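Undergrad: Just so you know, we're using the numbering used here here: the sequence shown kicks off at 1 and counts up by one.
Here a beta-carbon is modelled for each residue, glycine too, at the ideal position from N, C-alpha and C.
Please read these numbers as outputs of a predicted model, since none were measured by experiment.
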Amino acid sequence: MVDHALGRLASLPAVWADASSQQAAADAAESLVRIANSTQSGYSLARAEADLRAHTPPGHAGKEHDERWAWACKRVGVDWSPEGSAIGPQEASTDQQARRGEVRTLRLTRASDIDPEPVVWAWKDGGEGRIPSGSLVMAAGREGTGKSSFGIWKAARISTGTLPGNLYGGPRVVFYVAVEDSWSHTLVPRLMAAGADLSRIYRVDAVRSDDSEVTLSLPTDNKQLEAAIAEHAAALVVIDPLMSVMGEGIDTHKNREVRRALDPLALMASSTGAIILGIAHFGKSNGSDPASLISGSGAFKDVPRAIFGFARDESEDDAGRRVMSQVKNSLGRDNLPSLTYAIETAAIATPRGQAETGRLVFTGTSDRSVEQILRESGRDPDAADEASEAAEWLKGYLSEHGGSSGAGETIKAGAAAGIGKTALTRARKAAGVVTSKAGFGSGWVWSLSDSLPPRDDEEPEESTS
1 MVDHALGRLA SLPAVWADAS SQQAAADAAE SLVRIANSTQ SGYSLARAEA DLRAHTPPGH
61 AGKEHDERWA WACKRVGVDW SPEGSAIGPQ EASTDQQARR GEVRTLRLTR ASDIDPEPVV
121 WAWKDGGEGR IPSGSLVMAA GREGTGKSSF GIWKAARIST GTLPGNLYGG PRVVFYVAVE
181 DSWSHTLVPR LMAAGADLSR IYRVDAVRSD DSEVTLSLPT DNKQLEAAIA EHAAALVVID
241 PLMSVMGEGI DTHKNREVRR ALDPLALMAS STGAIILGIA HFGKSNGSDP ASLISGSGAF
301 KDVPRAIFGF ARDESEDDAG RRVMSQVKNS LGRDNLPSLT YAIETAAIAT PRGQAETGRL
361 VFTGTSDRSV EQILRESGRD PDAADEASEA AEWLKGYLSE HGGSSGAGET IKAGAAAGIG
421 KTALTRARKA AGVVTSKAGF GSGWVWSLSD SLPPRDDEEP EESTS
């Protein structure tokens, strides 16, 4: 197996100028690390590193070799010490850290020595804070709900200094990482339609040593991204979608692994003061909690300071009506009003003629949240009809009996009419039914709310006798 991996290296040209050669060298390095990491192989990590170095052409040695070796070790999940030992996925011991000059100690700080500070809100809506400065934020929804358009809207406002909050009045630089959309056909037209200052919007790509562009990878590119944010004083970084920049080897369904990428991202936001806005898709599962529906590990909802959910409100006559709800706001109110918005068609001028694109426009507030919309859209239509039928029957039955009837008698009558106990119990609220004791030792009575005031001794949910 070792000979096979080294043979792959030997078969490469003397200069690894193309991407396929670079990838083949990286794959061979990973194979050597995996062999060395096997307890049965008898092939040490130090020997593997030496073999890789010996089979690396001079033009690709030195720092490039070290980076390739570090990448391979990271892929396998081992640390590499100067002595060549495999430390493993856990933290190195204090002795091992000392040998590498990386001694860690504890620092204790009294709370009384830490000055309290007010939250600085980058986005305030109606006087209430929605997004704090220096925070990781998520915008999530199903396909076609407009969450990406929200990122465009936010970028346009910050680039022109028109976002209500502490950034208002001072145009700032915005970084945009887009994996799924075309810049020339989609993003630039949308930014123009949103009124963005294009000179302040920067496309972000990672570049290999051969000058080829690749998708940003986190946490691999964290240092470069943080340095660029600081250099340009960027106030917003949009990553669309966030899942696509998770580095190779990260299982996006494992909480611990995802946090390896998200925790440093949140710290980067805090240290630079920039907002990092990740766009996310809902998974295929049904549910009504927008944060829990985000595809992947629970870390995608646990780490961000703020989360926004997006949905189409199909119950409205206006088919274009959509709703955005703030489903998480760690530093502010968690009951802020939901906002309605529409995606309007806008025409823009291009060097090759007029083009049409979409533009997000907030239109007001909604008394229905994204959670309510998701809950209702997930219901079985037949089950909804059955619930409505049960409520109508219950109101009619109680009206015929003077507004009240014993719970047991009502349930028996419902069964005779083809309506089960569970359906009737769930229909009580919709039918405006309250429950009460007929007297000490007596059974429960169901009554229409306008015929009997609610009492403190309300019947438990499943009690019928």
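In angstroms with no decimal places, state the Cα-to-Cα distance between H185 and L339.
TA: As a working mapping, residue 185 is identified with position 185 in the sequence shown. As a working mapping, residue 339 is identified with position 339 in the sequence shown. So the alpha carbons of these two residues sit roughly 28 Å apart.
Undergrad: Run through the stretch 342 to 417 for me and flag every whole beta strand (DSSP E) of 3 or more residues, listed as ranges in chain order.
TA: The stretch 342 to 417 contains these whole beta strand (DSSP E) runs: 353 to 366 and 404 to 406.
Undergrad: Which residue or residues does DSSP assign as beta-bridge partners of M246?
TA: Working through the sequence shown from its first residue, we reach residue 246 at position 246. Partner(s): L218.
Undergrad: Drop a sphere of 10 angstroms on the beta-carbon of E49, count the other beta-carbons inside from all chains shown, and report buried for 16 or more, exposed for fewer.
TA: Residue numbering aside, residue 49 sits at position 49 when the sequence shown is read from its first letter. Classification of E49: buried, given that the 10 Å Cβ count is 16 or more.
Undergrad: On the three-state DSSP scale, how would you describe G141?
TA: In the sequence shown, the residue the question calls residue 141 occupies position 141. Note: G141 maps to strand in three-state DSSP.
Undergrad: Applying the 10 Å Cβ sphere with the 16-neighbour rule, what's the burial state of A10?
TA: Sequence index remark: in the sequence shown, residue 10 carries index 10 (1-based). A10 comes out exposed.
Undergrad: Can you tell me the Cα-Cα spacing of S20 and T160, whole angstroms?
TA: In the sequence shown, the residue the question calls residue 20 occupies position 20. In the sequence shown, the residue the question calls residue 160 occupies position 160. So the two alpha carbons sit approximately 42 Å from each other.
Undergrad: Determine whether the beta carbon atoms of A234 and R172 lie at a separation below 8 Å.
TA: Numbered from its first residue, the sequence shown carries residue 234 at position 234. Numbered from its first residue, the sequence shown carries residue 172 at position 172. Against a cut-off of 8 Å, the Cβ pair of R172 and A234 comes out as a contact.
Undergrad: Under the three-state reduction of DSSP, which class applies to S449: helix, strand or coil?
TA: Position 449 of the sequence shown, counted from the start, is the residue given in the question as residue 449. It is coil, neither helix nor strand.
Undergrad: What's the gap between the Cα of S436 and the Cα of A391?
TA: For the purposes of this step, residue 436 is taken as residue 436 along the sequence shown, with counting starting at 1. For the purposes of this step, residue 391 is taken as residue 391 along the sequence shown, with counting starting at 1. Looking at the two C-alpha atoms, the distance is approximately 19 Å.
Undergrad: Can you give me the C-alpha to C-alpha distance between A26 and I158, rounded to a whole angstrom?
TA: Here residue 26 refers to the residue found at position 26 of the sequence shown. Here residue 158 refers to the residue found at position 158 of the sequence shown. If I take the Cα positions, the gap works out to 40 Å.
Undergrad: Starting from S31, follow the alpha helix (DSSP H) in both directions and report where the run begins and ends.
TA: Taking the sequence shown and counting its residues from 1, one reaches residue 31 at position 31. A19 to N37 is the span of the alpha helix (DSSP H), which, as asked, contains S31.
Undergrad: Measure the alpha-carbon distance for S449 versus E389 and round it to whole angstroms.
TA: Position 449 of the sequence shown holds residue 449. Position 389 of the sequence shown holds residue 389. Taking the straight line joining both Cα atoms gives about 19 Å.
Undergrad: How many Å lie between A139 and K328 at the Cα?
TA: Counting from one through the sequence shown, the residue named residue 139 turns up at place 139. Counting from one through the sequence shown, the residue named residue 328 turns up at place 328. Roughly 11 Å between the two C-alpha positions.
Undergrad: With a threshold of 16 other CB atoms inside 10 Å of the CB of G420, please say whether the residue is buried or exposed.
TA: The residue given as residue 420 occupies position 420 in the sequence shown. Classification for G420: exposed.
Undergrad: Which same chain residues, not among the five before or five after A266, have their C-beta less than 6 Å away from its C-beta?
TA: Looking up residue 266 in the sequence shown gives position 266. For A266, where only same-chain residues beyond five positions count, the Cβ hits under 6 Å are L136 and V303.
Undergrad: Leaving out the 5 sequence neighbours to the left and right, which residues in its chain are closer than 7 Å to A156 when beta-carbon positions are compared?
TA: Walking along the sequence shown from the start, residue 156 turns up at place 156. L191, A194, G195 and A196.
Undergrad: With a CB to CB cut of under 7 Å and the five nearest residues on each side skipped, what residues in its chain are close to G7?
TA: Taking the sequence shown and counting its residues from 1, the one referred to as residue 7 is at position 7. Counting only Cβ-Cβ distances below 7 Å, and skipping sequence neighbours, we find nothing.
Undergrad: With a Cβ-Cβ cutoff of 8 Å, do G249 and R75 count as a contact?
TA: Taking the first residue of the sequence shown as 1, we reach residue 249 at position 249. Taking the first residue of the sequence shown as 1, we reach residue 75 at position 75. Result yes, Cβ atoms of G249 and R75 sit closer than 8 Å.
Undergrad: Tell me which residue opens and which closes the alpha helix (DSSP H) that E128 is part of.
TA: Translated into the one-based positions of the sequence shown, residue 128 becomes position 128. From DSSP, E128 is part of no alpha helix (DSSP H) but of the beta strand (DSSP E) over E128 to P132.
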